[in-house]
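Asker: Here it is, the structure, as structure tokens.
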Amino acid sequence: MPLEEQKKSRLYALKPLTDRLPAVSRPEGHVQFRTKMFWVLAILILYFAMTNIFIYGLDRTNVIDFFSSLRAILAGAQGSLMHLGIGPIVTASIIMQLFAGAKIINLNLQDDEDKSVYQGTQKFLVIVMIFVEAIPQVFGFLTPAGGFVSSLNGSLL
Numbered sequence: 223m224p225l226e227e228q229k230k231s232r233l234y235a236l237k238p239l240t241d242r243l244p245a246v247s248r249p250e251g252h253v254q255f256r257t258k259m260f261w262v263l264a265i266l267i268l269y270f271a272m273t274n275i276f277i278y279g280l281d282r283t284n285v286i287d288f289f290s291s292l293r294a295i296l297a298g299a300q301g302s303l304m305h306l307g308i309g310p311i312v313t314a315s316i317i318m319q320l321f322a323g324a325k326i327i328n329l330n331l332q333d334d335e336d337k338s339v340y341q342g343t344q345k346f347l348v349i350v351m352i353f354v355e356a357i358p359q360v361f362g363f364l365t366p367a368g369g370f371v372s373s374l375n376g377s378l379l
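In my numbering, the protein residues as written are 223 to 379.
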């Protein structure tokens, strides 16, 4: 069946919403290799530092980590600064790639318009995953250190 006759994906319904999300534009000129390497190394150093810095006041000994075997994929230790930042992005990307690979979503990623819908939906899914990952962390899986709580006069917790 020709591409023109194929049914458009239902993800096009999200297009008015996803068009309002911010996007990164292409650089205006050629970016030198040294500049690229500088930024790659700077981000790698920042990444490794942030995976070892835990949230202030968190009791690391009582962290419940159901996904400890998947930490390499889900980016960082449970309760680290990096886990809070990149976890939803990685998870949303994996979900969208699995859906595209299994042909659950009807998008041709060679087409610019379909690729735009795919990337916009992925950005929207990142926002959803922020809440999906944050709610369990806030309401029970990350317990604060006792000394930290008592210093805030919240010893009733």
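Idealized CB from N, CA, C, for every residue including glycine.
#1: Between I357, Y269, G342, L233, which has its C-alpha nearest V246's C-alpha?
#2: To the nearest angstrom, how far is the alpha carbon of E355 from that of S302?
#3: Below 8 Å between beta carbons: does that hold for Q359 and A314?
#4: Excluding the 5 residues flanking L329 on each side, which residues of the same chain have their C-beta closer than 6 Å to its C-beta?
#5: According to the Cβ coordinates, are L268 and F346 closer than 8 Å?
#6: Buried or exposed: which applies to P310, given that a residue is buried once 16 or more other Cβ atoms fall within 10 Å of its Cβ?
#7: S373 bridges to which residues according to DSSP?
#8: Which whole-angstrom value describes the C-beta separation of M272 and M304, a residue pair presumed to lie in contact below a C-beta threshold of 8 Å?
#9: Who does S302 pair with in a DSSP beta bridge?
#10: Could you give the C-beta distance for I327 and L266, rounded to a whole number, given that I count them as a contact under 8 Å?
#11: For I277, collect the residues of the same chain with a Cβ closer than 6 Å to its Cβ; drop the 5 residues on either side in sequence, then sort them by chain order.
#12: Of the choices S372, S338, V312, whose alpha-carbon is the least far from that of L239?
#13: Using a Cβ-Cβ cut-off of 8 Å (strictly less than) and excluding sequence neighbours within five positions of G307, which residues of its own chain qualify?
#14: Given this structure, state the Cα-to-Cα distance separating T257 from E250, to the nearest angstrom.
#15: Using a threshold of 8 Å, state whether the C-beta atoms of L331 and A322 are closer than that.
Answerer: Let's see:
#1: Looking at the Cα atoms, G342 is the closest of the given residues.
#2: E355 and S302 have their alpha carbons spaced roughly 13 Å apart.
#3: Not in contact: Q359 and A314 (Cβ atoms no closer than 8 Å).
#4: The residues are S231, D336, Y340.
#5: Contact: no.
#6: P310 should be labelled buried.
#7: Bridge partners of S373: none, in fact.
#8: Right, their Cβ atoms sit about 4 Å apart.
#9: Bridge partners of S302: F276.
#10: No, I327 and L266 are not in contact; Cβ-Cβ is about 32 Å, not under 8 Å.
#11: Closer than 6 Å at the Cβ level, and outside the excluded window around I277, lie G301.
#12: Nearest of S372, S338, V312 to L239, Cα basis: S338.
#13: These residues qualify, in order along the chain: M272.
#14: Cα-Cα distance, rounded: 14 Å.
#15: For L331 and A322, yes; Cβs fall inside 8 Å.
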